[in-house]
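To get our numbering, take the position in the sequence shown, counting from 1, and add 9.
To keep things clear, I will list the structure first and then write my remarks on it.
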Amino acid sequence: MSRKPETPADPASFTKKDLLDIESLSKAEIQMILDTAESMAEINKRTIKKVPTLRGRLVANLFYENSTRTRFSFEIAERRLTADSISFAAATSSASKGETLLDTCRNLEAMAPDAIVIRHQASGAPHFLARNLKCAVINAGDGTHAHPTQALLDAFTIRRAKGKLDGLRVAICGDVRFSRVARSNLALLPKMGAEVTLAGPRTLLPPEIERTGARVTTRIEEAVDGADVVMMLRVQKERGGGLGFPSDREYFELFGLTPERRKLARKDAIVMHPGPMNRGVEIDSAVADGPGSVILDQVEAGVAVRMAVLYLLIGVSGDE
Ligand code: CP
Numbered sequence: 010m011s012r013k014p015e016t017p018a019d020p021a022s023f024t025k026k027d028l029l030d031i032e033s034l035s036k037a038e039i040q041m042i043l044d045t046a047e048s049m050a051e052i053n054k055r056t057i058k059k060v061p062t063l064r065g066r067l068v069a070n071l072f073y074e075n076s077t078r079t080r081f082s083f084e085i086a087e088r089r090l091t092a093d094s095i096s097f098a099a100a101t102s103s104a105s106k107g108e109t110l111l112d113t114c115r116n117l118e119a120m121a122p123d124a125i126v127i128r129h130q131a132s133g134a135p136h137f138l139a140r141n142l143k144c145a146v147i148n149a150g151d152g153t154h155a156h157p158t159q160a161l162l163d164a165f166t167i168r169r170a171k172g173k174l175d176g177l178r179v180a181i182c183g184d185v186r187f188s189r190v191a192r193s194n195l196a197l198l199p200k201m202g203a204e205v206t207l208a209g210p211r212t213l214l215p216p217e218i219e220r221t222g223a224r225v226t227t228r229i230e231e232a233v234d235g236a237d238v239v240m241m242l243r244v245q246k247e248r249g250g251g252l253g254f255p256s257d258r259e260y261f262e263l264f265g266l267t268p269e270r271r272k273l274a275r276k277d278a279i280v281m282h283p284g285p286m287n288r289g290v291e292i293d294s295a296v297a298d299g300p301g302s303v304i305l306d307q308v309e310a311g312v313a314v315r316m317a318v319l320y321l322l323i324g325v326s327g328d329e
């Protein structure tokens, strides 16, 4: 179910300097990003997928952690809006010679980018830059803290599939403890009226989780039962997410989304995963590739949502 593209919002009406997390966005601002992304999605359906909206603007993409979806979709978004963009990989930069994050960014800022997109293994790194730099800073994922554009693209995908967010039952299952995707979705979905249930092994549910107000369970079946949306999370082995499980097989048996567990959700439920997937660990291939899976729709939405974020943050209203 797709929404009719709206007229894009005037970027002057979006007054944020940076996009660092979902908590600092109001419901109206989230709505504005999602509506603007609808207009961007319409551009992405054209034969010539390019508009001059960000001509003369420069975006620097700094990825200190690996990425496929986020990095490529930001780069595609920048090209589609005709921004100039440069991409930086930590391994081939002077960061490998010991240059600090702040020095790296101050040096980049001297080359006058309008925005810096940053993914970093340290929680809070984008916030630190935003306090120290004049240009816009966009968080493309920081440690275990936040992944705001992922939550926005997830919301966009859900809204397209279900026509709304308000009143939906969303199960977020798996490695909640190490997941910035879970944290950002937990900040966004209840704000937009959805009811979230978190499920995972006790060792992968952070101690502070009870304070979020979300329903929490250690049984995936309980979370999935009657859900409109089932969002599976990657086991983040690189952050310690595999700890406490003797094998992937045991994790899959207790917490994997199998076709049998999928049947507990509503018949018209959608299945989501931010990627990259550990097939046969948190999700069965038959479910990932089966009916109701919107996993590739999420990837497609990533381009439109990141175009919307760039436009609202550094688009120019009127003649300049
Ligand atoms: N969902 C996501 O952030 O994927 P990447 O790590 O590939 O960017």
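Don't be surprised by glycine CBs; every beta carbon is placed ideally from N, CA and C.
Whose CA, out of ALA134, GLU231 and GLY209, lies closest to the CA of LEU242? Position 233 of the sequence shown, counted from the first residue, corresponds to residue 242. The residue with the shortest Cα to Cα distance from LEU242 is GLY209.
For SER94, count the other beta carbons within 10 Å of its own beta carbon; 16 or more makes it buried, fewer makes it exposed. Which is it? Stepping through the sequence shown from its first residue, residue 94 is reached at position 85. Per the 10 Å Cβ criterion, buried.
For ligand 1, I want to know if GLY152 counts as a neighbour, meaning its beta carbon is within less than 6 angstroms of at least one of the ligand's heavy atoms. By one-based count along the sequence shown, residue 152 stands at place 143. No - ligand 1 has no heavy atom lying nearer than 6 angstroms to the Cβ of GLY152.
Who pairs with ASP151 in a beta bridge, going by DSSP? Along the sequence shown, read from residue 1 onward, the residue named residue 151 stands at position 142. ASP151 pairs with HIS129 and ALA155.
Tell me the DSSP secondary structure of SER76 in three-state form. In the sequence shown, counting from the first residue as 1, residue 76 sits at position 67. Correct three-state label for SER76: coil.
Inter-stretch contact at 8 angstroms, needing at least 3 Cβ pairs: the segment 99–110 / the segment 60–70: no
So SER7 is in the beta strand (DSSP E); what residue range does that whole segment cover? No information on residue 7 is available, as it lies outside the stretch 10 to 329 that the chain covers here.
Any idea what DSSP makes of VAL233, helix, strand or coil? Within the sequence shown, the letter at position 224 stands for residue 233. Three-state DSSP puts VAL233 in a helix.
Same chain, Cβ closer than 6 angstroms to GLU32, five either side skipped, listed in chain order: Indexing the sequence shown from 1 puts residue 32 at position 23. Answer for GLU32: ALA196, listed in chain order.
Helix or strand or just coil, what does DSSP make of ALA86? The count along the sequence shown starts at 1 and reaches residue 86 at position 77. It is helical.
Cutting at 6 angstroms between CB atoms, please list the residues of its own chain near LEU198, excluding the five before and the five after it. For the purposes of this step, residue 198 is identified with residue 189 of the sequence shown, where counting begins at 1. Answer for LEU198: VAL179 and VAL205, listed in chain order.
Unbroken stretches of the alpha helix (DSSP H), 4 residues or longer, contained in the segment 240–287: Whole alpha helix (DSSP H) segments, 4+ residues: 257–264 and 268–271.
First and last residue of the uninterrupted beta strand (DSSP E) at ARG66: Position 57 of the sequence shown, counted from the first residue, corresponds to residue 66. Where ARG66 is concerned, there is no enclosing beta strand (DSSP E), given that its DSSP letter is neither H nor E.
Return helix, strand or coil for ALA403, following the three-state DSSP convention. Look at the range of the chain in this structure, 10 to 329, and you will see that residue 403 is not part of it.
Hey, quick one: how far does the beta strand (DSSP E) through GLU204 stretch, first residue to last? To locate residue 204, count along the sequence shown from 1; it is residue 195. Per DSSP, GLU204 belongs to the beta strand (DSSP E) from 204–208.
Give a yes or no on contact between the segment 82–97 and the segment 301–318, applying the rule of three or more CB pairs nearer than 8 angstroms. Output reads yes: the segment 301–318 touches the segment 82–97.
Please list, in chain order, all residues of the same chain as ALA295 whose beta carbon is under 7 angstroms from its beta carbon, the five residues on each side excluded. Locating residue 295 in the sequence shown gives position 286, where the first residue counts as 1. Once the five neighbours on either side are set aside, the close Cβ partners of ALA295 are PRO268.
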